[in-house]
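Undergrad: For reference, the structure I am asking about is given below.
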Amino acid sequence: MPEPFDAMTPAVAGGPAFPPEASAPPTVGVEEEFVLADRHSRSAVYRAPSVVGAARAHLGGPHVTPELSQSQVETVSAVCRTAVELESEILRLRAGAAAAAAEHDCLLVPSGMAVLGRPGPPPVLDQPRYRALARRFGPVVHGQGVNSCHVHVGVADREEAIQAVNHLRGWMPLLLALTANSPYSDGVDTGYASWRSMVWSRWPSAGPPPYLRGTAHYAWLVDQLVATGAAMDPAMLYWHIRPSAHLPTLEVRVADVMPDAATTTAYALLVRALVGHAVEAVRAGERAPEVPDLLLRAASWQAARHGPTGTLPGTHVRDGGPMAVGRLIEELWKRAEPHLSRHGDDQRVGDWLSDVQLNGSGSARQRRVARQHAAGLRAVVDDLAVELP
Numbered sequence: 003m004p005e006p007f008d009a010m011t012p013a014v015a016g017g018p019a020f021p022p023e024a025s026a027p028p029t030v031g032v033e034e035e036f037v038l039a040d041r042h043s044r045s046a047v048y049r050a051p052s053v054v055g056a057a058r059a060h061l062g063g064p065h066v067t068p069e070l071s072q073s074q075v076e077t078v079s080a081v082c083r084t085a086v087e088l089e090s091e092i093l094r095l096r097a098g099a100a101a102a103a104a105e106h107d108c109l110l111v112p113s114g115m116a117v118l119g120r121p122g123p124p125p126v127l128d129q130p131r132y133r134a135l136a137r138r139f140g141p142v143v144h145g146q147g148v149n150s151c152h153v154h155v156g157v158a159d160r161e162e163a164i165q166a167v168n169h170l171r172g173w174m175p176l177l178l179a180l181t182a183n184s185p186y187s188d189g190v191d192t193g194y195a196s197w198r199s200m201v202w203s204r205w206p207s208a209g210p211p212p213y214l215r216g217t218a219h220y221a222w223l224v225d226q227l228v229a230t231g232a233a234m235d236p237a238m239l240y241w242h243i244r245p246s247a248h249l250p251t252l253e254v255r256v257a258d259v260m261p262d263a264a265t266t267t268a269y270a271l272l273v274r275a276l277v278g279h280a281v282e283a284v285r286a287g288e289r290a291p292e293v294p295d296l297l298l299r300a301a302s303w304q305a306a307r308h309g310p311t312g313t314l315p316g317t318h319v320r321d322g323g324p325m326a327v328g329r330l331i332e333e334l335w336k337r338a339e340p341h342l343s344r345h346g347d348d349q350r351v352g353d354w355l356s357d358v359q360l361n362g363s364g365s366a367r368q369r370r371v372a373r374q375h376a377a378g379l380r381a382v383v384d385d386l387a388v389e390l391p
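Under the numbering used here, the residue at position 246 of the sequence shown is numbered 248, and the numbers go up by one with no gaps.
Here you go:
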């Protein structure tokens with residue numbers, strides 16, 4: 003999808019809304035995409051234009067946007083610095099969007115895919131960009147009503163941001179495993195923890211980022227993608243992590259939308275800590291391991307298939323040997339914990355990671371609900387739906 007902050011002020015998206023303060027936590031912002039489900043059938047419905055209009059009245063124009071499919075709504079947070087600010091903002095946006103959805107007899111559902119069926123292929127939003135996407139990519143566009151969570155972390159220096167991608171790319175499969183929340187699609191258990199990521203990977207510009215040699219190399223890669231037709235413009239760079247095309251941020255795009263605000267907040271704080279560690283490594287002159295792209299793709303598939311269970315390739319190191327997910331989380335924690343503790347976020351994030359190891363990700367929760375209720379997938383939709391304020 004296009005850069006969601008195209009029409010917004012930098013302050014909305016994690017830009018320089020605050021004066022630089024050495025002791026202040028880096029800025030963080032979150033975008034969340036939701037499916038609209040009919041309140042009665044729980045199937046996906048195509049009422050996004052009406053719901054977006056109503057939500058903007060509740061929340062303000064810059065904070066709610068349409069997406070590719072008319073069954074989707076996206077919320078965009080203001081700039082935040084603390085965990086309390088971020089969770090409050092996510093709760094505010096979810097409540098306002100849910101209230102707008104209710105006005106049009108819809109539920110706002112945070113699942114990576116529509117759990118229950120749709121009345122045919124989702125219509126593309128009637129905007130020139132989306133019509134151009136449909137003409138260029140054809141059936142790839144069908145079924146792309148998928149819902150993710152994007153986290154922006156402020157990194158002012160462009161070269162540092164690009165070099166930090168190299169230190170972060172190896173952690174994307176684990177982050178995907180931890181946040182998987184789309185086992186069901188159109189009424190069927192796909193057998194995947196994150197079917198959303200598999201559908202999204204159909205785009206030719208999607209997936210793990212390559213190893214970047216610097217700003218010139220990054221610019222050349224983007225130009226080549228546009229020149230070959232794999233992307234219409236730089237905003238269509240659908241990598242798991244990328245420097246924002248318009249803002250002084252790194253944008254991590256690998257996660258499914260998550261079930262609740264507390265989980266989203268913890269994940270965003272973990273991302274901020276990992277970005278902090280990566281920027282420190284860049285400044286210290288540490289060279290990131292050149293993990294092969296094919297290994298990253300294989301690890302991403304395995305994360306999407308199984309979620310946070312079993313083993314994953316250890317793509318944070320060059321050889322990528324298989325490691326238990328629990329061990330990978332320990333390795334991740336070593337890097338993130340100093341930055342989490344610095345800003346008082348360690349308890350919140352640690353509790354979330356412990357819960358995922360004990361109970362699984364959102365996908366496991368969806369499957370438990372389906373097994374435990376006679377209503378099956380209708381109960382899953384009800385369990386996920388954002389409560390009205």
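We put the beta carbon where it would ideally sit given N, CA and C, even for glycine.
What residues match up with Met325 in a beta bridge as DSSP calls it?
TA: Within the sequence shown, numbered from 1, the residue matching residue 325 stands at position 323. Paired residue(s): Leu314.
Undergrad: Rounding to the nearest angstrom, what Cα-Cα distance links Gly312 and Ala85 in this structure?
TA: Stepping through the sequence shown from its first residue, residue 312 is reached at position 310. Stepping through the sequence shown from its first residue, residue 85 is reached at position 83. Taking the straight line from one Cα to the other gives about 31 Å.
Undergrad: Whose C-beta lies closer than 7 Å to the C-beta of Pro27 among residues of the same chain, with five residues either side of it excluded?
TA: Position 25 of the sequence shown, counted from the start, is the residue given in the question as residue 27. The answer, listed in chain order, is Arg83, Thr84, His345.
Undergrad: Can you name, in chain order, every residue of its own chain whose Cβ lies under 6 Å from the Cβ of Ser79, other than the five neighbours on each side?
TA: In the sequence shown, residue 79 corresponds to position 77, counting from 1. So the list reads Gly31, Val32, Glu91, once near-sequence residues are dropped.
Undergrad: Below 9 Å between beta carbons: does that hold for Gln195 and Pro185?
TA: Locating residue 195 in the sequence shown gives position 193, where the first residue counts as 1. Locating residue 185 in the sequence shown gives position 183, where the first residue counts as 1. Going by the sequence as given, residue 195 is Ala instead of Gln. In contact: Ala195 and Pro185 (Cβ atoms closer than 9 Å).
Undergrad: Using 9 Å as the limit for Cβ to Cβ distance, is Glu89 near chain C?
TA: The question asks about chain C, but that chain is absent: this structure has only one protein chain.
Undergrad: Would you call Ala306 buried or exposed, if buried means 16 or more other Cβ atoms sit within 10 Å of its Cβ?
TA: As a first step, residue 306 is located in the sequence shown; it is residue number 304 there, counting from the start. Buried, because 16 or more other Cβ atoms sit within 10 Å of the Cβ of Ala306.
Undergrad: What whole-angstrom Cβ distance do Ile164 and Pro245 have, given they're in contact under 8 Å?
TA: To locate residue 164, count along the sequence shown from 1; it is residue 162. To locate residue 245, count along the sequence shown from 1; it is residue 243. Confirmed, about 6 Å.
Undergrad: Along the chain, where does the beta strand (DSSP E) that runs through Arg367 open and close?
TA: As a working note, residue 367 is residue 365 in the sequence shown. First-last for Arg367: 364 to 374, but that is the alpha helix (DSSP H), not the beta strand (DSSP E).
Undergrad: Expressed to the nearest angstrom, what Euclidean distance is found between the alpha-carbon atoms of Asp225 and Leu379?
TA: Reading the sequence shown from its first residue, position 223 is the one you call residue 225. Reading the sequence shown from its first residue, position 377 is the one you call residue 379. Their Cα atoms are separated by approximately 44 Å.
Undergrad: Report the three-state DSSP secondary structure of Leu239 (helix, strand or coil).
TA: Working through the sequence shown from its first residue, we reach residue 239 at position 237. Note: Leu239 maps to coil in three-state DSSP.
Undergrad: Between which two residues does the beta strand (DSSP E) containing Glu253 stretch?
TA: Taking the first residue of the sequence shown as position 1, residue 253 is located at position 251. Element bounds for Glu253: 251 to 258.
Undergrad: Is the Cβ-Cβ distance between Ala275 and Leu342 less than 9 Å?
TA: Position 273 of the sequence shown, counting from 1, holds the residue named residue 275. Position 340 of the sequence shown, counting from 1, holds the residue named residue 342. Closer than 9 Å, so yes.
Undergrad: Report all residues from its chain with a CB closer than 6 Å to the CB of Glu34; omit the five preceding and five following residues, and keep chain order.
TA: In the sequence shown, counting from the first residue as 1, residue 34 sits at position 32. Closer than 6 Å at Cβ, skipping near neighbours: Thr77, Cys151, Val259.
Undergrad: According to DSSP, simplified to helix, strand and coil, what is Leu390?
TA: Reading the sequence shown from its first residue, position 388 is the one you call residue 390. Reduced to three states, the DSSP call for Leu390 is coil.
Undergrad: With distances taken between CB atoms, is the gap from Gln368 to Val117 smaller than 9 Å?
TA: Taking the sequence shown and counting its residues from 1, one reaches residue 368 at position 366. Taking the sequence shown and counting its residues from 1, one reaches residue 117 at position 115. Yes, these two residues count as a Cβ contact at 9 Å.
Undergrad: Which residue from Ser356, Tyr213, Leu70, Val284 puts its Cα closest to that of Ala129?
TA: By 1-based counting over the sequence shown, the position of residue 129 is 127. In the sequence as presented, Ala is not what sits at residue 129; that position holds Gln. Considering only alpha carbons, the answer is Leu70.
Undergrad: What's the gap between the Cα of Pro211 and the Cα of Leu61?
TA: For the purposes of this step, residue 211 is identified with residue 209 of the sequence shown, where counting begins at 1. For the purposes of this step, residue 61 is identified with residue 59 of the sequence shown, where counting begins at 1. Going by the C-alpha atoms only, they are around 34 Å apart.
Undergrad: I need the DSSP call for Leu271, collapsed to helix, strand or coil.
TA: Counting from one through the sequence shown, the residue named residue 271 turns up at place 269. Of the three classes helix, strand and coil, the one that applies to Leu271 here is helix, per DSSP.
Undergrad: Thinking C-alpha only, which one of Asn361, Leu272, Leu249 is nearest Leu176?
TA: Position 174 of the sequence shown, counted from the first residue, corresponds to residue 176. The candidate whose alpha carbon is nearest that of Leu176 is Leu272.
Undergrad: Between the beta-carbon of Ser388 and the beta-carbon of Leu110, is there less than 9 Å?
TA: As a working note, residue 388 is residue 386 in the sequence shown. As a working note, residue 110 is residue 108 in the sequence shown. Per the sequence presented here, residue 388 reads as Val, with Ser not at that position. Yes, the Cβ-Cβ distance between Val388 and Leu110 is below 9 Å.
Undergrad: Applying the 10 Å Cβ sphere with the 16-neighbour rule, what's the burial state of Ala46?
TA: The residue you call residue 46 lines up with position 44 of the sequence shown. With 16 or more Cβ atoms within 10 Å of its Cβ, Ala46 is classed as buried.
Undergrad: Between the C-alpha atoms of Ser363 and Leu249, what's the straight-line distance to the nearest angstrom?
TA: Position 361 of the sequence shown, counting from 1, holds the residue named residue 363. Position 247 of the sequence shown, counting from 1, holds the residue named residue 249. Distance between the alpha carbons of Ser363 and Leu249: 31 Å.
Undergrad: Are the CB atoms of Ala166 and Val157 within a distance shorter than 9 Å?
TA: Your numbering for residue 157 matches position 155 in the sequence shown. Your numbering for residue 166 matches position 164 in the sequence shown. A contact, by the Cβ cut-off of 9 Å.
Undergrad: Taking its Cβ as the centre, do 16 or more other Cβ atoms sit within 10 Å of Arg137, making it buried, or is it exposed?
TA: Numbered from its first residue, the sequence shown carries residue 137 at position 135. Arg137 comes out exposed.
Undergrad: Would the segment 282 to 301 count as touching the segment 311 to 328 if we require 3 or more Cβ pairs under 8 Å?
TA: Yes, since at least three Cβ pairs between the segment 282 to 301 and the segment 311 to 328 fall closer than 8 Å, the two stretches touch.
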